[in-house]
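Residues 6 to 435 (our numbering) make up the sequence shown, in order.
Glycine is no exception: its CB is placed at the ideal position from the N, C-alpha and C atoms.
Computed from a prediction, not measured in an experiment: that's the story for all the values here.
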Amino acid sequence: MKTTIFHKSTFAGFLTLLLFFSLSVKANSPSKFSTDSTQYIAVRGTVINSETRNPVVFASIFVEGTKIGTVSNSNGKFLIKIPLKYQKDRLGISSMGFKTRFVPVSYFNEVFNKVYLNPAIIPIREVIIRHLDPEHLLSAAVDKIPLNYLDKPVMMTGFYRESIRKNRKYLSVAEAVLNIYKSSYNKNSFANDKISIYKGRKAQYVRKRDTLVVKFQGGPLSLSYFDVVKNNDDILSQDMYDYYIYKIDGVIMLDNRETYVISFDQKDTVQLPLFKGKIYLDAKSLAVAGLKVEVSPKQLNKALSYIIRKKPAGLKATLLGIHILVKYRKIGDKWYLNYVRNETDLRFKWKKKLFRSDYTITAETAITNIDTKHVVKPKFNERFKPNEIFSEKVSNFSDPNFWGASNVIEPEASIQSAIKKISRKLKRRR
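Here's what the structure looks like:
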C-alpha cells in the first residue's frame with residue numbers, strides 16, 4: 006500500500022518543492038563513479054562575528070579572482086578545496102552586513118581556523134530614506150537584469166544536500182555534486198535550467214513499524230526555480246506591487262558594496278498566501294544581490310493547500326513555515342546565482358492518536374564553480390526530472406573520501422552524527 010502527497014505548482018510558480026509520502030522504500034543498486042584525481046588543498050574554518058562571537062551562517066567563501074567557492078553551514082563552518090595553482094592566492098569571505106575579508110590561503114593551517122568578520126552597518130539619514138521609492142528601485146532592478154546578468158547559458162557545478170528530520174532525529178540525508186546547465190537571463194528566452202547528477206550518496210533508514218516516510222520530489226531541480234531574477238513573477242514582477250507593502254530598511258555592506266535593504270509583506274486585504282521578507286539590491290548597479298523570505302504568517306494556513314495535493318484521510322497536516330534564502334555573487338561585471346536554501350516545517354497528526362510529529366525538510370544548493378566556455382546541455386536521459394525523487398537516484402554512504410576534489414558544504418555536527426548512526430543501522434540490517 007502506498008499513499009502519496011504532492012505539492013501543487015506554487016502560489017504562482019515560485020514554491021515548487023514537491024513531497025512524496027510512502028509506506029515503503031525502494032531499494033537502490035550502488036552507482037559507480039570515476040575517481041577524481043585533481044590535486045588540491047583542503048581548507049577548513051569557522052566564520053565568526055567579531056562583535057558577538059556568534060557564527061556567521063551561509064557566508065560566501067571563494068578564491069579571489071576565480072569562480073571557485075562554497076558557503077559556510079548553519080554552524081558557520083566551511084570546507085573549501087583549492088587547486089594547487091591557487092595556493093598562493095587569497096580566500097574571500099563575505100556575508101550580508103559584514104565587511105568582506107581576504108585571507109591568504111597560506112595563512113590557514115591544517116587544524117583549525119577562525120575567520121572573524123566585522124559588521125558593516127551604514128547609517129543613512131532619514132531624509133534620504135524618504136526619497137527612496139522601493140517600488141521604483143525594484144522596477145529599475147528588473148529593467149537592468151539584461152545588464153547585470155548573462156544573456157547566454159553557462160555551466161555551473163553545484164553541491165546539493167537535502168535532509169529530512171522528524172522532531173530532532175534525522176531520517177535521511179542525501180547529497181550530490183551537480184552539473185547545472187544554467188539558461189540565459191534574456192527575457193526572450195524561455196529555456197529552463199537542466200540538471201544532471203555527477204555523483205551522489207545518501208544515508209536513509211526506515212523501520213518496518215514506521216507509518217509515514219517523507220521524501221522529496223523534484224529535489225535539486227525544484228531549487229532552480231528559486232532563482233528570483235530569472236523567475237520573478239511572484240515577487241519582482243510589477244504585477245505583484247498591488248499585493249505587497251514595501252519599505253526601505255536601510256543600507257548594509259555586501260562584498261564591500263553598499264546594498265539597499267527593501268522589506269515587504271503582503272497587504273492585510275490580500276487573501277492569498279504570499280511572501281514576507283527582505284530583498285537586497287546593489288546600490289550602484291541595482292542588481293538583486295539576495296533575497297530572504299518566508300511564506301507570510303498572515304495567510305500561512307492557506308498555503309498548505311498549494312503544497313499538498315493528496316494525503317491519507319486520517320492524517321492532519323499543518324504547515325508551520327517555509328523559509329527561503331537566495332544569494333547572488335558578483336564576478337567581474339556580472340552577477341551569478343551563488344546559493345539557494347529552502348526549509349519547510351510541517352506537523353502531522355493521525356486522527357484518534359495522541360501524539361503528533363514535526364518534520365523539517367531542508368534543501369540547499371551552493372554553486373562551487375562556473376564555466377562560461379564549455380557549455381553543453383545534459384543529455385535528456387541524464388537529466389534530473391521534476392517527478393523524480395533525489396534520494397532514489399543515489400547510492401548509500403560508504404567511502405569517506407567519496408567527494409575527492411569536489412567542493413561541498415561542510416555538514417553540521419548533527420548531520421555528521423546522523424550519517425554515522427544511519428550507516429551503522431544499515432550495516433546491522435545487512
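- Under the DSSP assignment, N343 falls in the beta strand (DSSP E) whose first and last residues are K339 to W355.
- For the options K93, I240 and I394, the alpha carbon positioned closest to that of K281 is the one of I240.
- In this structure, DSSP gives Y165 an extended state, which the three-state scheme calls strand.
- Where N306 is concerned, the enclosing alpha helix (DSSP H) starts and stops at L305 to I312.
- DSSP places E140 in the uninterrupted alpha helix (DSSP H) bounded by P139 to D148.
- Within the stretch 39-125, not a single complete alpha helix (DSSP H) segment reaches 4 residues in length.
- With 16 or more neighbouring CB atoms inside 10 Å of its own CB, G223 falls in the buried class.
- Under the three-pair Cβ rule at 8 angstroms, the stretch 137-145 does not count as touching the stretch 156-164.
- A Cβ-Cβ distance of about 4 angstroms is found for the pair R95 and F107, placing them in contact under the 8 angstroms criterion.
- DSSP places L155 in no beta strand (DSSP E); its state is neither H nor E.
- Under the DSSP definition of a beta bridge, Y251 partners with F269.
- The three-state secondary structure of Y246, taken from DSSP, is helix.
- Between S290 and K390, the C-beta spacing is not below 8 angstroms.
- Distance from the Cα of Y186 is smallest, within the candidate group P278, F385 and R346, for F385.
- Spatial neighbours of L309 in its own chain (CB-CB distance under 8 angstroms, excluding positions within 5 residues in sequence) are listed in chain order as A322, T323 and L324.
- For S362, the enclosing beta strand (DSSP E) begins and ends at S362 to D376.
- Annotation: the continuous beta strand (DSSP E) that includes G282 extends over F280 to D287.
- Judged by DSSP secondary structure, G223 falls outside any alpha helix (DSSP H); it is assigned neither H nor E.
- CA-CA distance, G205 to N123, rounds to 36 angstroms.
- Annotated three-state conformation of L359 is coil, per DSSP.
- Around the beta carbon of P278, a 10 Å sphere encloses 16 or more other beta carbons of the protein chains shown; the residue is thus reported as buried.
- When DSSP states are grouped into helix, strand and coil, I127 belongs to the strand group.
- The continuous beta strand (DSSP E) containing Y175 extends over residues K174 to K187.
- When Cβ pairs closer than 8 angstroms are counted between the two stretches, the stretch 55-68 is seen to touch the stretch 87-104, the count reaching three or more.
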